[in-house]
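Below: the structure, in structure tokens.
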DNA sequence: CGCGAGTACGTACCCACGGTATGCAGCCAT
DNA sequence: ATGGCTGCATACCGTGGGTACGTACTCGCG
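Chains as they are written, first to last, in the numbering used here: chain G, 3 to 241; chain P, 3 to 241.
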């Protein structure tokens with residue numbers, strides 16, 4: 003807004019992004035234009051949200067026109083999806099990096115938890131992935147995307163922990179556990195970042211999840227079987 | 003859509019909603035108009051989502067005009083918020099009803115869990131509260147609303163369980179636990195409803211959460227202290 | 001080197017949709 | 001009875017997503 007540019011026809015005069023080696027000049031310019039669009043869109047979506055960000059503002063920021071945008075993307079939602087994939091991919095890679103080399107499941111779980119709590123401090127992750135992802139992409143599509151990245155990490159960790167407990171659960175139940183932890187951490191992450199003292203809040207989340215994991219470990223040691231729900235609720239399941 | 007009406011000027015000829023006793027005719031009509039708007043909006047938002055639902059469609063469905071809508075609500079978002087509050091309120095009341103009379107914390111927790119799993123089967127709750135709530139209202143406002151209803155229920159249950167364990171946690175940590183469970187259940191609920199076999203999926207969620215609660219109970223019995231994170235991760239917190 | 005084809009945009013335009021300004025018919029208190 | 005206020009309806013506007021089309025530049029090929 004403040005750094006508005008009057009004429010977009012100077013596109014060739016200004017350098018945009020880093021040239022990609024091994025591609026033709028044409029392809030380089032094309033790629034950098036696309037990158038610029040995603041860059042600007044990421045920033046604006048993060049700051050103002052999806053609905054409040056107009057395509058005009060985005061193309062102005064990237065110093066191109068709508069023609070360029072619609073050449074690279076089928077529409078606003080597709081652009082959002084590109085941004086989503088980038089943010090989601092970065093997050094997933096950061097978590098995987100933190101998991102590197104960890105063998106002990108519990109250690110791995112704590113490392114993953116900490117990495118996720120770092121990721122969720124990023125405004126772009128909260129806004130684009132957690133907050134607006136399900137709404138803009140629709141839940142189905144949102145889920146497909148997650149399944150291939152961050153959720154996969156969580157599933158990996160959860161599976162390790164469950165296997166360490168030597169309960170042999172079917173895939174469905176593992177997925178369920180992973181969903182639960184993923185949802186828990188997303189929700190916790192949001193509250194962490196909006197807390198007056200995020201560091202303290204993150205510490206609390208670590209304690210809470212750690213406590214749950216400790217419960218798992220004790221159950222594993224004492225050889226408690228699954229399922230255990232009936233033992234908790236004596237009365238029959240009245241529908 | 004299918005029951006569309008051509009002219010909205012017949013508003014006085016058709017009965018709208020139930021007359022409210024103890025109010026003037028004017029007030030009755032006004033209230034029923036407002037109700038009709040919320041009714042139609044709830045349906046359309048649930049079916050097509052917030053963004054894809056136009057005000058024109060809503061007012062056509064309620065057989066009024068935009069003038070009426072803007073008389074009762076300050077805009078589209080305010081209308082959504084009215085729908086949100088209703089859905090959220092219904093959900094909260096349903097859960098509270100299920101909790102009625104339960105004294106044992108673990109029993110109470112399972113009852114609450116089951117009630118929530120019922121609630122989350124409703125398409126309107128998933129779409130309006132879980133999926134689009136955070137995006138449309140903004141996270142801050144979404145949280146304020148939740149805090150007064152369903153989340154309050156979760157916090158109540160979680161507090162009971164934690165007190166039964168005789169860990170005396172500060173309010174912040176109780177809130178953190180509640181957030182975690184709330185997020186876990188929301189996420190689980192979404193996956194339940196989109197699963198090929200929702201009944202089986204709901205059963206899985208019950209097993210999983212029940213298992214976590216079982217962990218809590220065992221930890222309570224063996225007198226494990228909080229926090230326990232350091233015991234899990236030997237290495238120092240390197241940032 | 002010339003040249004046709006296709007890419008990577010730019011320009012101009014459409015129209016759906018949220019929001020506003022204003023008019024007006026009843027109802028209700030005085 | 002009547003003035004005023006509530007509860008709408010009508011008409012209009014601006015923004016913004018999307019589209020149709022034009023065009024310059026590049027690249028491969030003879």
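The beta-carbon is built from N, C-alpha and C at its ideal position, and this holds for glycine as well.
- Taking the Cα positions, residue 37 (chain G) is about 22 Å away from residue 150 (chain G).
- Taking 8 Å as the cut-off, the Cβ atoms of residue 182 (chain P) and residue 186 (chain G) count as close.
- A straight-line Cα-Cα distance of about 34 Å links residue 79 (chain G) and residue 203 (chain G).
- For residue 127 (chain P), no CB of chain G lies under 8 Å from its own CB, so it is not counted at the interface with that chain.
- With contacts defined by Cβ atoms closer than 8 Å, residue 44 (chain P) and residue 141 (chain G) do not form a contacting pair.
- Counting the other Cβ atoms within 10 Å of the Cβ of residue 173 (chain G) gives fewer than 16, which makes it exposed.
- Non-local beta-carbon contacts of residue 84 (chain G) in its own chain, meaning distances under 6 Å to residues more than five positions away in sequence, involve 40 in chain order.
- For residue 196 (chain G), the secondary structure class from DSSP, reduced to helix, strand or coil, is coil.
- Within the stretch 200 to 213 of chain P, those residues whose Cβ lies closer than 9 Å to any Cβ of chain G are, in chain order, 202, 203, 205, 206, 207, 208, 209, 210, 211, 212 and 213.
- Against chain P, the beta carbon of residue 114 (chain G) has no neighbour under 7 Å; the closest one sits roughly 11 Å away.
- Excluding five sequence positions before and after residue 104 (chain P), the CB atoms of its chain that fall closer than 7 Å to its own CB belong to 110 and 113, given in chain order.
- DSSP, reduced to helix, strand and coil, places residue 224 (chain G) within a helical segment of the structure shown.
- Taking each of P:134, P:106, P:221 and P:74 in turn and checking the Cα distance to residue 53 (chain G), the smallest one comes out for P:134.
- Contact of residue 97 (chain P) with chain G is not assigned, every C-beta pair being separated by 8 Å or more.
- In this structure, the beta-carbon distance from residue 215 (chain G) to residue 209 (chain P) does not fall below 8 Å.
- Where residue 138 (chain G) is concerned, the enclosing alpha helix (DSSP H) starts and stops at 135 to 139.
- One thing to note: residue 165 (chain G) has its Cβ no nearer than 8 Å to the Cβ of residue 222 (chain G).
- If the five residues before and after residue 99 (chain G) are omitted, its C-beta is found closer than 8 Å to the C-beta atoms of 117, all from its own chain and listed in chain order.
- Around residue 42 (chain P), the same chain offers 60, 63 and 64 as residues with beta carbons nearer than 6 Å, after the five sequence neighbours per side are excluded.
- Contact of residue 107 (chain P) with chain G is not assigned, every C-beta pair being separated by 8 Å or more.
- Within the same chain, Cβ atoms closer than 6 Å to the Cβ of residue 75 (chain G) are found at 81, the five residues on either side in sequence being excluded.
- With a threshold of 8 Å between beta carbons, residue 88 (chain P) makes no contact with chain G.
- Only residues of its own chain outside the window of five on either side were considered, and among them 211 have a CB closer than 6 Å to the CB of residue 115 (chain G), listed in chain order.
- Proximity of chain G to residue 181 (chain P) at the Cβ level (cut-off 7 Å) is accounted for by 189, 190 and 193, in chain order.
- Sorting P:219, P:213 and P:201 by C-alpha distance to the C-alpha of residue 123 (chain P) places P:201 at the top.
- At a beta-carbon threshold of 8 Å, the residues of chain P lying near residue 224 (chain G) are 220, ordered along the chain.
- Taking CB atoms only, residue 178 (chain G) has a neighbour in chain P less than 8 Å away.
- Under the Cβ distance rule, residue 175 (chain P) counts among the residues neighbouring chain G, one pair being separated by less than 8 Å.
- For the set P:188, P:34 and P:220, the Cα lying nearest the Cα of residue 131 (chain P) is the one of P:188.
- With respect to residue 147 (chain G), residue 139 (chain G) sits close: the two C-beta atoms are nearer than 8 Å.
- Not one beta carbon of chain P lies nearer than 8 Å to the beta carbon of residue 198 (chain G).
- With 16 or more other Cβ atoms from the protein chains shown falling within 10 Å of its own Cβ, residue 177 (chain G) counts as buried.
- Between the alpha carbons of residue 67 (chain G) and residue 129 (chain P) lies a distance of about 35 Å.
- By the rule that beta-carbons nearer than 8 Å mark a contact, residue 148 (chain G) does not touch chain P.
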